[in-house]
Amino acid sequence: MAPTLPRVPSSTDLSGQSVLITGSNTGIGFENARQFLELKASPVYLGVRSVEKGEEAKKQLLNDPNVKKNNPDAVVEVYQVDLASFDSVASFAKRFSEVKKLNIAVLNAGLSFFKYVPTSDGYETVLQVNYLSNSLLAAHLLPLLKAGAAASGKPSHLAFVSSKMQNLTSLKKDSIKPDENIVDWFNNKANFGMDRYNVSKLLLTGFTNELASKVDGNQVIINSMCPGLVATNFDTNSPFILKYFMKGVRSLMARTPSEGARALTLAAVTGAEGNGKFYSDGKETPPAPFLSTEDGKKFQKKLWDQTLERLQTVDPTVPSI
Ligand SMILES: NC(=O)c1ccc[n+]([C@@H]2O[C@H](COP(=O)([O-])OP(=O)(O)OC[C@H]3O[C@@H](n4cnc5c(N)ncnc54)[C@H](OP(=O)(O)O)[C@@H]3O)[C@@H](O)[C@H]2O)c1
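By our numbering, the letter at position 142 of the sequence shown is numbered 139, and the numbering carries on one by one without gaps.
Shown next as structure tokens:
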């Protein structure tokens, strides 16, 4: 069984703080939204693929007895965003800029596929949803998070939901030749493997590390975390046998969505010490060993440069970081 996660410090009070959580209509993201509301955050913005599911989640959250008790005037708003479409992310960013400032963003939406499924943008779906769109979203949200920090006089938080599965990839130091573009390499069907989900989370943590080293931690504290194995519907897109195998595994060994969500809440309320860190089981943990090697560091730097270039191409409205 996974160890019990630390409790959120009882002194945590998010009164007056605004929070965005993506993928918050269900699973870990939904419970994370509930926890922020119980901690008195408001407004809480639900970034969801389906407005209908988002509105249903909003209703459930506002009817929760603990939310009603702790945060009776809570405001919850639903914003549509589909991470499988760069246009949708750009359109979300435009609509969401009306909030002017934000204190906490938890980029939680994610999925897994064991087969190569291209999006309408021509990217492999897991690469686009888990990595490219989350990076794009982060770039769009940073100005709002900085404005939130300026207004509150304390750093905002940007937390990416990653996974310790990033440790299990077939990526080696010479997998990608020096003259090859990393994004294109991963997008090439010939390089798609069963470790794609793990790779997407390694890329996300590599990007988070670089981002945290570039943004002033007094303005935005940036980190990533793994919620551990959690009993959600995460295996929806898995092959039939794996789906049912994982259902059994999750029913026996996984954390509840509420406990898994605590990993997100904890990462999103750290002090300055949390900047640039990866957390697993609620504890600071080294990211994938590959990222700490000399080759991994070069890879991370190149990944950063080539990702930013690509974001400019797929969305010319993206603010520079
Ligand atoms: N469950 C675990 O054991 C585990 C372990 C480590 C990390 N994680 C990470 O935790 C996060 C949440 O996963 P979960 O377990 O809560 O899974 P989940 O129950 O399947 O929830 C995933 C959420 O992401 C949303 N989403 C998926 N594709 C999207 C897209 N294209 N655009 C916008 N939203 C999209 C889903 O929306 P719909 O409801 O509309 O599909 C849903 O709200 C993921 O990043 C996952 O990688 C999970």
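Where a beta carbon is used, it is the ideal one built from N, C-alpha and C, also for glycine.
Residues bridged to residue i [DSSP beta-bridge criterion]
i: P224; result: DSSP lists no partner for P224.
i: S277; result: C223, K280
i: Q77; result: V45
i: V158; result: M222
i: I238; result: Answer by DSSP bridge pairing: none, since I238 is not bridged.
i: P62; result: DSSP lists no partner for P62.
i: I18; result: L43, V103
Contacts around residue i, its chain only, beta-carbon distance under 6 Å, and the 5 residues preceding and following it disregarded
i: A38; result: L11, Q14, V16
i: P0; result: D278
i: V351; result: Only positions -2 to 318 of the chain appear in the structure, and residue 351 is not among them; the question remains open.
i: K170; result: D292
i: K186; result: Y113
Within 8 Å, strictly: CB atoms of residue i and residue j
i: V78; j: G44; result: yes
i: P284; j: T202; result: yes
i: Y194; j: V123; result: yes
i: N68; j: E35; result: yes
i: G225; j: P152; result: no
i: N22; j: N105; result: no
i: V266; j: V5; result: yes
i: S159; j: M243; result: no
i: D312; j: V126; result: no
Own chain, CB closer than 7 Å to residue i, minus 5 neighbours either side, in chain order
i: V315; result: L133, A136, H137, L308, Q309
i: D165; result: One detail in the question is off: residue 165 reads as Leu in this sequence, not Asp. So the qualifying residues of the chain are D192, N195.
i: A251; result: L226, V227, A228
i: G190; result: S167
Extent of the continuous alpha helix (DSSP H) run through residue i
i: T304; result: 291 to 311
i: F93; result: 83 to 93
i: E35; result: 24 to 35
Boundaries (first-last residue) of the beta strand (DSSP E) holding residue i
i: T262; result: Counting along the chain, T262 falls outside any beta strand (DSSP E), though it belongs to the alpha helix (DSSP H) covering 254 to 265.
i: L139; result: Unbroken run through L139 is the alpha helix (DSSP H), 130 to 149; no beta strand (DSSP E).
i: I101; result: 101 to 104
i: T1; result: Unbroken run through T1: none, as it is neither H nor E.
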